[in-house]
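Below is one structure, written out as structure tokens; comments come after it.
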Amino acid sequence: MSNQVEETSPKKAKKKKESEEMHDEQDNALMQEIETLKAEIEEAKDKYLRLFAEFDNFKKRSVKERFELMKTAAQETITSLLPVLDDFDRAKKSAESGAESFSEGVQLVYNKLFSTLEHKGLKSMESTGVDFDPEWHEAITDIPAPSEEMKGKIIDTIENGYTLNEKIIRYAKVVVAK
108 MSNQVEETSP
118 KKAKKKKESE
128 EMHDEQDNAL
138 MQEIETLKAE
148 IEEAKDKYLR
158 LFAEFDNFKK
168 RSVKERFELM
178 KTAAQETITS
188 LLPVLDDFDR
198 AKKSAESGAE
208 SFSEGVQLVY
218 NKLFSTLEHK
228 GLKSMESTGV
238 DFDPEWHEAI
248 TDIPAPSEEM
258 KGKIIDTIEN
268 GYTLNEKIIR
278 YAKVVVAK
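The sequence shown lines up with residues 108 to 285 when you count with the working numbering.
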């Protein structure tokens with residue numbers, strides 16, 4: 108009987124060893140699978156965070172673009188009204204020189220039109236007497252400077268320049284002293 112016990116013991120030990128090796132192999136396979144799944148989760152998480160950040164940036168950019176569009180939506184209409192303002196200015200200057208009269212009603216219409224456009228963001232550029240800046244002014248011609256301190260300054264404004272919400276929509280056409 109002791110022979111049988113000795114024979115079964117090495118067999119049992121061998122089986123036990125084989126069983127442990129198989130469990131170790133299964134454990135290793137499971138560990139590898141877990142590591143692979145963890146890597147996939149991290150990759151998916153990274154993709155999700157990047158996509159979320161990209162979408163958030165898209166929303167911010169869209170809101171900004173929409174706001175800019177709303178600010179300048181009337182630009183074309185206001186630009187088409189600028190010649191009317193120029194005509195009013197010329198009529199006003201003509202009336203001041205005494206050639207024609209500039210009635211109170213016409214003055215009221217001019218003031219109302221100009222104030223309405225100002226509320227929409229239109230501003231007239233003051234250019235006569237200031238230094239010439241090619242980013243704000245368009246030089247039509249230049250004339251000799253009447254004095255040394257007038258060199259490089261604007262002598263006369265032919266056509267007023269305008270900005271709409273701090274964006275130039277028409278450059279001032281000016282005469283510059285050289």
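Every residue, glycine too, gets a C-beta built ideally from N, C-alpha and C. Note that the structure is predicted; figures quoted are calculated from it, not measured.
How would you call residue i, buried or exposed, if buried means at least 16 neighbouring beta carbons within 10 angstroms?
{"i": "Y269", "result": "buried"}
{"i": "F239", "result": "buried"}
{"i": "N135", "result": "exposed"}
{"i": "N267", "result": "buried"}
{"i": "A279", "result": "buried"}
{"i": "A151", "result": "exposed"}
{"i": "T264", "result": "buried"}
{"i": "I250", "result": "exposed"}
{"i": "L229", "result": "buried"}
{"i": "V191", "result": "exposed"}
{"i": "T143", "result": "exposed"}
{"i": "V216", "result": "exposed"}
{"i": "A146", "result": "exposed"}
{"i": "A120", "result": "exposed"}
Would you please verify whether the beta carbon of residue i is less than 8 Å from any beta carbon of chain C?
{"i": "S126", "result": "Absent here is chain C; the protein component of the structure consists of one chain."}
Pop quiz: residue i and residue j are said to be a contact at Cβ under 8 Å. What is the actual Cβ separation, rounded to whole angstroms?
{"i": "I261", "j": "T223", "result": "Not quite, the Cβ-Cβ distance comes to about 28 Å (not below 8 Å), so this is no contact."}
{"i": "N272", "j": "K171", "result": "Between K171 and N272 the Cβ distance is about 14 Å, and since that is not below 8 Å, they are no contact."}
{"i": "A181", "j": "K227", "result": "6 Å"}
{"i": "A284", "j": "P253", "result": "7 Å"}
{"i": "R277", "j": "L176", "result": "Incorrect: roughly 20 Å between the Cβ atoms, too far for contact."}
Taking the DSSP output, what are the residues bridged to residue i?
{"i": "I275", "result": "T270"}
{"i": "K280", "result": "E245, E266"}
query = Which ranges does the beta strand (DSSP E) cover as unbroken runs of at least 3 residues, wholly within the region 183 to 239, from first to last along the chain?
reply = Contiguous beta strand (DSSP E) elements confined to the region 183 to 239 occur at 229 to 231, taking only those with 3 or more residues.
ask   = Along the chain, which unbroken stretches of the beta strand (DSSP E) at least 3 residues long are found entirely within the region 235 to 265?
value = For the region 235 to 265, the full-length beta strand (DSSP E) segments reaching 3 residues or more read 244 to 250 along the chain.
key: At least three beta-carbon pairs within less than 8 Å, the region 229 to 245 to the region 200 to 217   = No, the region 229 to 245 is not in contact with the region 200 to 217.
message = Three Cβ pairs or more, each shorter than 8 Å: is that satisfied between the region 176 to 196 and the region 142 to 159?
response = No contact exists between the region 176 to 196 and the region 142 to 159.
task = Ignoring anything shorter than 3 residues or poking outside the region 108 to 181, list the beta strand (DSSP E) runs there in chain order.
result = Whole beta strand (DSSP E) segments, 3+ residues: zero.
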